[in-house]
Amino acid sequence: MAWDERLVVTGSDYARFKGAGTINGMGDYKFMLWAGDGEPDTFRIKIWEEDGNGGETVTYDNGFDQEIAGGSIVIHTSKK
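First residue of the sequence shown? That's 2 in the working numbering, and the numbers climb one at a time after it.
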């Protein structure tokens, strides 16, 4: 599996993790995870492939701001 990834934290309550990779050496998949530290805590994952014209074919998407079933999401800010 190949990877290219990025983590972005926006403010103190929302994070996004984005990357790309292959599965068993095939495909050119992109993925993005969103995590929200709030009431309720939320999570989303989306996996897709892009075509040559800027379009995308979604392989998996659990939908916007899905409340997590258990546990908690805690986003910490950097201490500079």
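Yeah, the Cβ is synthetic: ideal placement off N, Cα and C, and Gly gets one too.
- Of the residues 49, 70, 76, the one whose Cα lies closest to the Cα of residue 19 is 49.
- Take the alpha-carbon of residue 67 and the one of residue 55: they are about 27 Å apart.
- Residue pairing by DSSP puts residue 59 in a beta bridge opposite 49.
- Nearest Cα to residue 37 within the set 46, 29, 31: 46.
- Beta-bridge pairing by DSSP links residue 68 to 43.
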